[in-house]
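Engineer:
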Amino acid sequence: MIAAEVRRKREEIREFMDQGGLDQGDVATLIGFSKSSISRALSAEPARETRCLRKLHTFVSTSKTAEMSHALSAIEQFADSVEVLNGATAAQILRAVADLLDKRNTKEP
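This is the structure in structure tokens:
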């Protein structure tokens, strides 16, 4: 992947983080990577596509679609059915949703 495309993806991810009030630690928890992996994906030079950057971009892209809204609705329904839903459990659920969407988006037609 060319560096310009990687930089475009990075900018899209940063914009999403800014709009959502998310920092690198928040995003790391959501997608299951370390904070240092997130940092490298967003700023390492030379700019290259890594597994972390691909997953970050997939998460951001799907978060902007109606599909993620449906997934979040399902999570809310699940949350209503359990007695305790803490941040760690919610992060695990979101990670699982991101993984499923990532797999679906990378399937060949």
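Numbering-wise (my numbering), the sequence shown opens with residue 5 and increments by one.
We put the beta carbon where it would ideally sit given N, CA and C, even for glycine.
1. With DSSP run on the structure shown, which of helix, strand or coil describes residue 47?
2. Using a Cβ-Cβ cutoff of less than 7 Å, which residues in the same chain neighbour residue 43 once the five nearest sequence positions on both sides are dropped?
3. In whole angstroms, what is the alpha-carbon distance linking residue 97 and residue 25?
4. Indicate whether residue 46 and residue 14 have their beta-carbon atoms separated by less than 8 Å.
5. Cutting at 6 Å between CB atoms, please list the residues of its own chain near residue 37, excluding the five before and the five after it.
Structural biologist: Let me spell this out:
1. helix
2. 28
3. 20 Å
4. yes
5. 56
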